[in-house]
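2 protein chains.
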Amino acid sequence: MSRRRVTLADVARRAGLSTTAASMILNGRPDTRLSEDAHRRVHAAAAELGYRPNVAARGLRTAKTLTIGFVSDLVATTRFASGLIKGALEAAENAGHVVLVAETGGDPKREGEAIAALLDRQVDGVIFAVMRARELFVPELPEGTDAVMLNATNARHPAAVLPDEEPGGRAAVRLLVEAGHAEGIALIGQSDEAEGDVFRSTTVARRVAGIRGAMADHGLEFVAEKSIWQWEPQHGYTSTMELLRQCPDVRALICMNDRLAFGAYQAVTEAGLRIPDDISIVSFDNDEVTAYLRPGLTTIALPHEAMGRRAVDLLLGDEPGAETLVPMPVVERASIGPPRGR
Amino acid sequence: MSRRRVTLADVARRAGLSTTAASMILNGRPDTRLSEDAHRRVHAAAAELGYRPNVAARGLRTAKTLTIGFVSDLVATTRFASGLIKGALEAAENAGHVVLVAETGGDPKREGEAIAALLDRQVDGVIFAVMRARELFVPELPEGTDAVMLNATNARHPAAVLPDEEPGGRAAVRLLVEAGHAEGIALIGQSDEAEGDVFRSTTVARRVAGIRGAMADHGLEFVAEKSIWQWEPQHGYTSTMELLRQCPDVRALICMNDRLAFGAYQAVTEAGLRIPDDISIVSFDNDEVTAYLRPGLTTIALPHEAMGRRAVDLLLGDEPGAETLVPMPVVERASIGPPRGR
DNA sequence: AGCGAGCGCTAAATCCTTTTAGCAAGTGAG
DNA sequence: CTCACTTGCTAAAAGGATTTAGCGCTCGCT
Chain A
1 MSRRRVTLAD
11 VARRAGLSTT
21 AASMILNGRP
31 DTRLSEDAHR
41 RVHAAAAELG
51 YRPNVAARGL
61 RTAKTLTIGF
71 VSDLVATTRF
81 ASGLIKGALE
91 AAENAGHVVL
101 VAETGGDPKR
111 EGEAIAALLD
121 RQVDGVIFAV
131 MRARELFVPE
141 LPEGTDAVML
151 NATNARHPAA
161 VLPDEEPGGR
171 AAVRLLVEAG
181 HAEGIALIGQ
191 SDEAEGDVFR
201 STTVARRVAG
211 IRGAMADHGL
221 EFVAEKSIWQ
231 WEPQHGYTST
241 MELLRQCPDV
251 RALICMNDRL
261 AFGAYQAVTE
271 AGLRIPDDIS
281 IVSFDNDEVT
291 AYLRPGLTTI
301 ALPHEAMGRR
311 AVDLLLGDEP
321 GAETLVPMPV
331 VERASIGPPR
341 GR
Chain B
1001 MSRRRVTLAD
1011 VARRAGLSTT
1021 AASMILNGRP
1031 DTRLSEDAHR
1041 RVHAAAAELG
1051 YRPNVAARGL
1061 RTAKTLTIGF
1071 VSDLVATTRF
1081 ASGLIKGALE
1091 AAENAGHVVL
1101 VAETGGDPKR
1111 EGEAIAALLD
1121 RQVDGVIFAV
1131 MRARELFVPE
1141 LPEGTDAVML
1151 NATNARHPAA
1161 VLPDEEPGGR
1171 AAVRLLVEAG
1181 HAEGIALIGQ
1191 SDEAEGDVFR
1201 STTVARRVAG
1211 IRGAMADHGL
1221 EFVAEKSIWQ
1231 WEPQHGYTST
1241 MELLRQCPDV
1251 RALICMNDRL
1261 AFGAYQAVTE
1271 AGLRIPDDIS
1281 IVSFDNDEVT
1291 AYLRPGLTTI
1301 ALPHEAMGRR
1311 AVDLLLGDEP
1321 GAETLVPMPV
1331 VERASIGPPR
1341 GR
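Note that the protein sequences, when read in sequence, are chains A and B.
When the first sequence is numbered by the numbering used here, its final residue is 342 and no position is left out of the sequence of numbers.
When the second sequence is numbered by the numbering used here, its final residue is 1342 and no position is left out of the sequence of numbers.
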């Protein structure tokens, strides 16, 4: 059993120098005038003793702890936050930092307590992540602590990381057009007519704008639009069923997310049609659910891990805070094919 | 903007006492002989100034940081680790602790570094979690630091939290028997004959033992057993297809996990049979994928969150370290019905 | 010879808290 | 009146690092 952690004093003693000298050498201070020999001895001593600095003690003096806080409303319910955390963990590790995770369940009281707990531990910065992109309330932070919004925005903290939804929306349309589709394209999940300007979330608004912008640019119009409030498989199923009945000449579906697409798959299959021979489908998110779909669903991915990484880089870097958009990769699988008359 | 964090010295000054007195009062030391009046003044001062102790400084002195480390091989890939983390976070919050999360990807080098980073921050204890239950290598920890294995075991650290698989396995059989099944039960995913004593994981072994034990107790035998290495939907599909061809009198399926069950659903449906009218299905895990199945899949759940909570309680409590088994809840949905001749 | 600068290093202060040792005043017993 | 003890409180040390200020010497220059 290791008796006691080895301290800087131990290293200095073994190297025959003061702790000051040892500290300066180990931290590679630029103005160091210490001799070559001293450097050698200190590094040797540190290595032999297996010295590791005590971060708490250092933090006490420097007010830097090499620790960042990650506060999210929901950690586990979906794969969503997990991806963000994974990316953040990776980037933090690369930067020699470590991550304190706190979950608030969206409850402002718990949020306040969580943040206080993090600040008590002198975190260097905080990442605030939410599931559904929105303007997020953030309590006041002490001066030295910066914050980055992840999938969220906040007036006082302009540094934010969001998926680049507009081009993502355009990409979905482009995939269909490139496959030869021009007529019979339907939109599952959103309808301007039905929803007007009701606000879903920052990102959804941009996604829709991208889709509609691209349609307009190509001079196309949707053959039908289905408004759905909860983007769950069941509603994707019923809406698609309805659509197929009302509108037999539909040849392609843009689903607002993969869960709707999952339901659409069921409806299409049940109607005796085949994907992509009779109907092409493209969707968004690259949700875990896509793993269970045959044929594979072509989808515009939410770049969770990249976003998590980016947030940490932004927090640790010293670029001025601004909104950073992370590209949404196109995941091409097998659900899009050329249109075919039926 | 708050200028500077308020320190204990500020509180003491405002209360007209020494920092010693303030410290003793705020920490509620039992042997305190300080006056009622002093208590009042210190508490008032602390409240007015919004004093929060600096955990790093306290930890420096007490070697306690109210922080625990959570090391896992995979945080995000499946919902698995997320559930564990969520539970751990909850329990830690209740105990006034905070959680440092580190991911190792299963790489021993990263694992070593992650643990070192946690120890540099003086964590009070560490939870080691792995996806697939197994004996886990854990590097030596300093004396004061305890460890709890989560979904894993380790000879040097007997405190471990595992799902209680044996009764879980028995429950699956019981559900079928209670619905009236006695013949035509097949096992999808495991076959003693094909696999012999090959070791999958601690927990799987117990799950199988429970299933086989219950079958034997009821004097039943499987009409077929399908060995499958990778428990993924695709293989569940092909194995079930095969089974239905070879063995038309099958009436119930025990699937080793929900992903296999997902494939089995597809196969059964495609064969023109209905669940549960023609075939009953029961399975394990209560994976997210079950949300997408119609009719709802009856499954024996892996109690991830409860396990995460339990691990923290074990770590923070002072019970002697031992293996703790967390019950697996039966999630009854609609995939089991009475057997019917075809 | 005298002065300033450079060199190689260290003592001491600092960060914030807890803990140990002990001081001064009052009280009760003898 | 003295001694021992209690009461209510504080000074100082400790914990492990970083940072500031500066010491004593040599060298080069005028």
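Beta carbons: idealized from backbone N, C-alpha and C, even for Gly.
Remember, predicted model here, so these are calculated numbers, not experimental data.
Check: Output, in chain order, the set of chain A residues within a Cβ distance shorter than 9 Å of B:GLU1103.; Outcome: ILE85, LYS86, LEU89, GLU90, GLU93
Check: Give me whichever residues DSSP pairs with B:ASP1146 in a beta bridge.; Outcome: B:GLY1125
Check: Please name the residue, chosen from A:GLU90, A:ASN151, A:ALA12, A:GLY59, that lies closest to A:LEU119 on a Cα-to-Cα basis.; Outcome: A:GLY59
Check: Tell me the DSSP secondary structure of A:PHE137 in three-state form.; Outcome: coil
Check: Please go through the same chain and pick out, in chain order, the residues whose beta-carbon is closer than 6 Å to the beta-carbon of B:ARG1206, but skip the five residues on each side of it.; Outcome: GLU1165, GLU1166
Check: At the 8 Å Cβ level, is A:GLN312 part of the contact set with chain B, yes or no?; Outcome: Reading the sequence as shown, one finds Val at residue 312 of chain A and not Gln. Not one chain B Cβ lies under 8 Å of A:VAL312.
Check: Under 8 Å, CB to CB, which of the residues in the stretch 35 to 58 of chain A have a partner in chain B?; Outcome: ARG52, PRO53, ASN54, VAL55, ALA56, ALA57
Check: In its own chain, which residues sit with a C-beta less than 7 Å from the C-beta of A:ALA92, not counting the 5 before and 5 after it?; Outcome: ILE68, VAL98, VAL99, VAL312
Check: Which same chain residues, not among the five before or five after B:ALA1063, have their C-beta less than 7 Å away from its C-beta?; Outcome: GLN1122, GLY1144
Check: Should B:PRO1030 go down as buried or exposed, given a rule of 16 or more other Cβ atoms within 10 Å for buried?; Outcome: exposed
Check: Compare the C-alpha of B:PRO1053 against each of B:ALA1009, B:ASP1037, B:ALA1044 and name the closest.; Outcome: B:ALA1009
Check: For chain A, check one thing: does any of its Cβ atoms lie closer than 8 Å to the Cβ of B:PHE1128?; Outcome: no
Check: Counting only beta-carbon separations shorter than 8 Å, does B:PRO1142 have a partner in chain A?; Outcome: yes
Check: Verify whether the separation of the beta carbon atoms of A:VAL11 and A:ALA46 is less than 8 Å.; Outcome: yes
Check: Quick one: which chain A residues come within Cβ less than 7 Å of B:ARG1005?; Outcome: PRO142
Check: Give me the Cα-Cα distance between A:LEU293 and B:GLU1242, rounded to the nearest whole angstrom.; Outcome: 21 Å
Check: Taking just the CA atoms, how far does A:GLY272 sit from B:VAL1169?; Outcome: Residue identity differs from the one stated: residue 1169 of chain B is Gly in this sequence, not Val. Answer to the nearest angstrom: the Cα atoms are 38 Å apart.
Check: Measuring alpha carbon to alpha carbon, tell me which of A:SER23, A:ALA117, A:GLU111 ends up nearest A:PHE137.; Outcome: A:GLU111
Check: Residues in its own chain within less than 6 Å of A:GLU323 by CB, not counting five upstream and five downstream?; Outcome: ALA160
Check: Quick one: which unbroken alpha helix (DSSP H) runs of 4-plus residues sit fully inside the stretch 1011 to 1065 of chain B? Chain order, please.; Outcome: 1019 to 1026, 1036 to 1049, 1055 to 1062
Check: Any beta carbon of chain B sitting closer than 8 Å to that of A:PRO233?; Outcome: yes
Check: Rank B:VAL1204, B:GLY1189, B:ALA1171, B:THR1238 by C-alpha distance to the C-alpha of B:ALA1152 and give the top, closest one.; Outcome: B:VAL1204
Check: For a contact meaning CB atoms closer than 8 Å, what does A:THR238 contact in chain B?; Outcome: Those within 8 Å of A:THR238 in chain B number zero; the least Cβ separation is about 12 Å.
Check: So, do the stretch 1232 to 1252 of chain B and the stretch 1206 to 1217 of chain B have three or more beta carbon pairs nearer to each other than 8 Å?; Outcome: no
Check: According to DSSP, is B:ALA1102 helix, strand or coil?; Outcome: strand
Check: Look at the alpha carbon of A:MET1 and the alpha carbon of B:GLU1319, and state the distance between them as a whole number of angstroms.; Outcome: Caution is warranted here: a pLDDT of 42 is assigned to A:MET1, below 50, making its placement in the model unreliable, and the coordinate value is therefore given only provisionally. Between A:MET1 and B:GLU1319, the C-alpha separation is close to 22 Å.
Check: Does the stretch 35 to 44 of chain A come into contact with the stretch 80 to 91 of chain A, if we say contact requires no fewer than three beta-carbon pairs (one atom in each stretch) closer than 8 Å?; Outcome: no
Check: Compute the beta-carbon to beta-carbon distance between A:ASP285 and A:ASN257, rounded to the nearest angstrom, for a pair I have assumed lies under 8 Å.; Outcome: 5 Å
Check: For the stretch 252 to 271 of chain A, enumerate the residues whose C-beta is nearer than 7 Å to any C-beta of chain B, in chain order.; Outcome: PHE262
Check: Could you spell out where the beta strand (DSSP E) holding B:GLY1069 opens and where it closes?; Outcome: 1067 to 1072
Check: Using a beta-carbon distance below 8 Å, is B:SER1002 in contact with chain A?; Outcome: Here the model assigns B:SER1002 a pLDDT of 49, short of 50, so the residue's position is not dependable and the matter cannot be decided.
Check: By the 10 Å Cβ neighbour count, where 16 or more other Cβ atoms means buried, how is A:GLN371 classified, buried or exposed?; Outcome: Because chain A here runs from 1 to 342, residue 371 of chain A falls outside it and cannot be looked at.
Check: Which residue or residues does DSSP assign as beta-bridge partners of B:GLY1189?; Outcome: B:SER1227
Check: Grouping DSSP H, G and I as helix and E and B as strand, with all else coil, what is B:MET1001?; Outcome: Confidence in B:MET1001 is poor, its pLDDT being 43 and thus under 50, which makes the residue's placement unreliable; the coordinate value appears in the next sentence. In this structure, B:MET1001 counts as coil in the three-state DSSP scheme.
Check: Can you find a C-beta in chain B that's less than 8 Å from the C-beta of A:GLU288?; Outcome: yes
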